[in-house]
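Visitor:
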Amino acid sequence: CISLEEEKSNSKLDFVDVEDKQINFCLSAGEHSVHVDTYITMARGKKFVIMLPPNQNFFEPKAPFPRNVDPDLLSKISEAGGYYFALQPIDDETPSTVFTPRGWHHWLLGASEWHLIFGASRF
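In case it helps, this note's numbering puts the sequence shown at residues 1 to 123.
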């Protein structure tokens, strides 16, 4: 048998550090937000996405996705270094994936009658 520490040092796998304060915080996060990397793959349907870099969130806490994305809002998103786009498959056979780095704020709003989306978060 080898220890977990030996396995970590010999392996190319990315282990979660259970001693990391953020991981422990996440396990009991409740109402608090936890910063993680997120991958979202859209297989069917369409969603509108807003992404803002860390410390550039100008929305109120827990604000819903804005229903009216007007030129003023687009300008604010751009000035903050953010993005507004539609996430949808490239075609019927080719899904598309967006990566949201740790600390970035993101909102999604369904823009189709139904959608199939897969997501994962990485600490």
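Idealized CB from N, CA, C, for every residue including glycine.
Because the structure is a prediction, the values reported are computed rather than measured.
Let me check understanding here. Comparing Cα to Cα, which of L87, G82, L109, E113 lies closest to P101?
Guide: Taking the first residue of the sequence shown as position 1, residue 101 is located at position 101. Considering only alpha carbons, the answer is G82.
Visitor: Pairs of beta-carbons, one from the stretch 43-60 and one from the stretch 70-87, closer than 8 Å: are there three or more?
Guide: Note that the stretch 43-60 touches the stretch 70-87; at least 3 beta-carbon pairs, one per stretch, sit closer than 8 Å.
Visitor: I want to see whether chain C comes within less than 8 Å of G45, judged by CB atoms only; does it?
Guide: Absent from the structure is chain C; it holds one protein chain and no more.
Visitor: Please state whether DSSP places A29 in a helix, a strand or coil.
Guide: Here residue 29 refers to the residue found at position 29 when the sequence shown is read from its first residue. Residue confidence is low: A29 scores 47 on pLDDT, short of 50, so the model does not pin down where it sits. No coordinate-derived value is stated.
Visitor: Comparing C-alpha positions only, which one of L116, A111, D37, F99 sits nearest to F65?
Guide: Here residue 65 refers to the residue found at position 65 of the sequence shown. The shortest Cα separation from F65 among L116, A111, D37, F99 belongs to A111.
Visitor: Determine the contact status of V36 and S96, defining contact as a CB-CB distance below 8 Å.
Guide: Working through the sequence shown from its first residue, we reach residue 36 at position 36. Working through the sequence shown from its first residue, we reach residue 96 at position 96. No.
Visitor: Going along the chain, which unbroken runs of the alpha helix (DSSP H) with 4 or more residues stay wholly within the stretch 39-87?
Guide: 71-79
Visitor: Under DSSP, the beta strand (DSSP E) around K36 begins and ends at which residues?
Guide: For the purposes of this step, residue 36 is taken as the residue at position 36 of the sequence shown. A small fix is needed here, since residue 36 is Val in this sequence, not Lys. Neither: V36 is in no beta strand (DSSP E) and is coded neither H nor E.
Visitor: Does the distance from the C-beta atom of L52 to that of H105 stay below 8 Å?
Guide: Counting from one through the sequence shown, the residue named residue 52 turns up at place 52. Counting from one through the sequence shown, the residue named residue 105 turns up at place 105. Yes; because the gap between Cβ atoms is below 8 Å, this pair is in contact.
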